[in-house]
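Asker: Those letters in the sequence shown? Residues -13 to 482, per the numbering used here, in order.
All C-beta atoms, glycine included, are put in the ideal place defined by N, C-alpha and C.
Nothing here was measured: the structure is a model prediction, and the numbers come from that model.
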Amino acid sequence: MAFKRIVTHIKDYSSTLVVLVVWCGLVLTSLVSNVYSTREHTEALAMKEARSNFNKDKSFRLWGASHGGVYVPITKRTQPNPRLSHIPERDITTPSGVKLTLMNPAWMIRQIMNDYSRLYQGRGKITTFPEMLFNPKNAPDKWELASLYEFEGGKHETVAFTKINNEPYLRLMRPMFIEEPCLKCHAKQGYKVGELRGGVSVSVPMKEYYAEEHKQAQITVVSHGMIWLLGVAGIVIFGRRKRMATKKILESREQAIAANQAKTQFLANMSHELRTPLNAIIGFSEMIKSEIFGSVGSDRNKEYVHDIQMSGEHLLSVINDMLDVAQIEAGALDYIESEVDLAQVIEECIHLETARAVQGDLTIRSNIPEGIPSVRADVTRVKQILLNLLSNAIKFTPAGGTVLVQSEVRPDGEINVSVKDTGIGIKEDDISKVFEPFVQVENIFTRTHHGSGIGLSISKRLSALHGGELNIESELGVGTKATVTFPKERICGAVD
Ligand code: HEC
């Protein structure tokens, strides 16, 4: 019981839940992609800084090399470089007696880096393969060595986000090739123009970038959280309203069903109450007419009694029709299934209507093929349908006309029984209306003819009770063909 309630609860809320899940998914996707793109943005910025640092660094080195190194005054810190001892005029004296020494590009840059590290964020470093090292201080670290090998393989740049002394750094390295000016100092090592002889790396500290990124991510998370909350609130409120509206609709539908049932019950009760006295009227007028307990007297009295009996019978048939409709609507119709021999039933019904046909100067013909199979049905109801169709056909066919009853097994296995007349026909627009009980029918059918006008409606419902259909084709002034169809499952001995 409790489980059932939970299930219905979940069903009530299911559409809201689905929307909520989709919303959460959307916001989450947006959040992840935003945070991810913030990271991409950070890295792109850092790369830009690394490259511009590298280029500045490189232009300093090339400038120094293009001048074959630069002369600087000898001081305690800047002593003549022993690795340049092979260069003639490494040390010179100006005419005024100031002593100068030659400074090579690598040294120059190293000194700039040391002296102005605060101005210069990204540190640059020149290095080469260990076996070619001029100065052991320039020895490559693990990453630089790996990059050097990659340059040998043809790569032009290596990039890595790594840690140096436990701080995050972006490292970028590019190869250095020997050019003409380099040979002044490096020819001694046997270097030739165009050879890969090392590389320059720069490293950009990422700490500040990451701090900025973190701030951005926080803003993204908070704004997404707010949007998410707003959305959730909206979905919940909307879902609740929708649920309430659905509930109201369901309630009013239930009320309508209850009202309809009450109406049906009322009709059934009333029909019953009316039938009892009517039966008395019919029975007693019959007795009076047959003069069982004495003469009626004048012929006129006899005629009146006859009229009373006829009117009573007519009224009874109308009430019976009404009761049928009420019972079908309430699903309370007595219904007994048996094997029904269609050919025989058709014959019986035609026989019952023959007198009336003769009276109206009509011919009834039938065309029933041999061996038409029996159907599982309520024989009384099948007769009721056929009698109704026949009496309608007779009623609405002018003198001299024909009513034809036919039956056939269709290729798809269904059985048809049709009643075709050469009567007044029905307007195309009105065909659908003939099946409505009480409504409209009055005008179409009974304006000039007697009857309750709900026979067709009952017949259609009775056909439906058998899983079948009742269809009407008609042309004004030409005639009408009413066809009852029984589904093939109804055929006795049929395999479903
Ligand atoms: C003025 C002389 C001079 C010129 C010009 C010069 N270098 Fe150097 N280079 C040196 C000296 C000296 C060292 C080593 C000492 C140091 O690190 O200061 C060195 C170091 C290097 C290193 C670092 C590896 C090592 O052996 O220590 C590389 C790579 C290098 N030079 C490449 C070049 C290239 C490429 C050029 C041309 C664009 C060039 N050098 C121009 C003198 C020079």
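Is T114 near the ligand HEC, judged by its Cβ being under 7 Å from some heavy atom?
Answerer: Correct: T114 has its Cβ closer than 7 Å to the ligand HEC.
Asker: Sort F163, L156 and A312 by Cα distance to K193 and report the nearest one.
Answerer: Looking at the Cα atoms, L156 is the closest of the given residues.
Asker: Taking the alpha helix (DSSP H) that I336 belongs to, which residues open and close that run?
Answerer: I336 -> alpha helix (DSSP H) spans L328 to Q345.
Asker: When the Cβ atoms of the region 265 to 277 are set against those of the region 332 to 350, are three or more pairs found closer than 8 Å?
Answerer: Segments in contact, no.
Asker: Please determine whether the Cβ atom of H172 lies at a distance below 7 Å from any heavy atom of the ligand HEC.
Answerer: At least one heavy atom of the ligand HEC is nearer than 7 Å to the Cβ of H172, so yes.
Asker: Are the Cβ atoms of V391 and V405 separated by less than 8 Å?
Answerer: Going by C-beta atoms, V391 is nearer than 8 Å to V405.
Asker: With a threshold of 6 Å on Cβ separation, who are the neighbours of L456 within its own chain once the five nearest residues in sequence on each side are excluded?
Answerer: The residues are S445, K446, S449 and V470.
Asker: Taking its Cβ as the centre, do 16 or more other Cβ atoms sit within 10 Å of P91, making it buried, or is it exposed?
Answerer: Counting Cβ neighbours within 10 Å, P91 comes out buried, since at least 16 surround it.
Asker: Roughly how many whole angstroms lie between the Cα atoms of A480 and V331?
Answerer: Caution applies to A480, whose pLDDT of 49 falls short of 50 and renders its modelled position unreliable; the model cannot decide the point.
Asker: Give every residue of the same chain whose Cβ lies closer than 7 Å to the Cβ of I505, excluding the five residues on either side of it in the sequence, and list them in chain order.
Answerer: Because the chain is modelled from -13 through 482, residue 505 falls outside the range shown and cannot be assessed.
Asker: Give, in chain order, every unbroken run of the beta strand (DSSP E) that is at least 3 residues long and sits entirely within the region 31 to 67.
Answerer: Here the runs fully enclosed are 56 to 59.
Asker: Would you please state the rounded distance, in angstroms, between the beta carbons of R183 and M162? I believe it to be under 8 Å.
Answerer: About 6 Å separates the two Cβ atoms, so the contact holds.
Asker: Along the chain, where does the beta strand (DSSP E) containing M94 start, and where does it finish?
Answerer: Not the beta strand (DSSP E): M94 falls in the alpha helix (DSSP H), residues P91 to D101.
Asker: Using a 10 Å radius around the Cβ and a threshold of 16 neighbouring Cβ atoms, would you call F(-11) buried or exposed?
Answerer: So F(-11) ends up on the exposed side.
Asker: Considering only DSSP beta bridges, list what R157 is partnered with.
Answerer: Paired residues: A146 and S189.
Asker: Using only CA atoms, which one of L70, T383 and E240 lies nearest to R342?
Answerer: The shortest Cα separation from R342 among L70, T383 and E240 belongs to T383.
Asker: Please specify which runs of the alpha helix (DSSP H), each continuous and at least 4 residues long, are wholly inside the region 341 to 378, giving them in chain order.
Answerer: DSSP runs (the alpha helix (DSSP H)) wholly in the region 341 to 378: none.
Asker: Whole angstroms is fine: what's the gap from T206's alpha carbon to A30's?
Answerer: Between T206 and A30, the C-alpha separation is close to 19 Å.
Asker: Nearest by alpha-carbon distance to I150: which of D101, K128, K85 and V21 is it?
Answerer: Among D101, K128, K85 and V21, the Cα nearest to that of I150 is on K128.
Asker: In angstroms, rounded to a whole number, what distance separates the CA positions of G217 and L105?
Answerer: If I take the Cα positions, the gap works out to 49 Å.
Asker: Quick check: does the Cβ of L70 come within less than 7 Å of any heavy atom belonging to the ligand HEC?
Answerer: L70: yes, Cβ under 7 Å from the ligand HEC.
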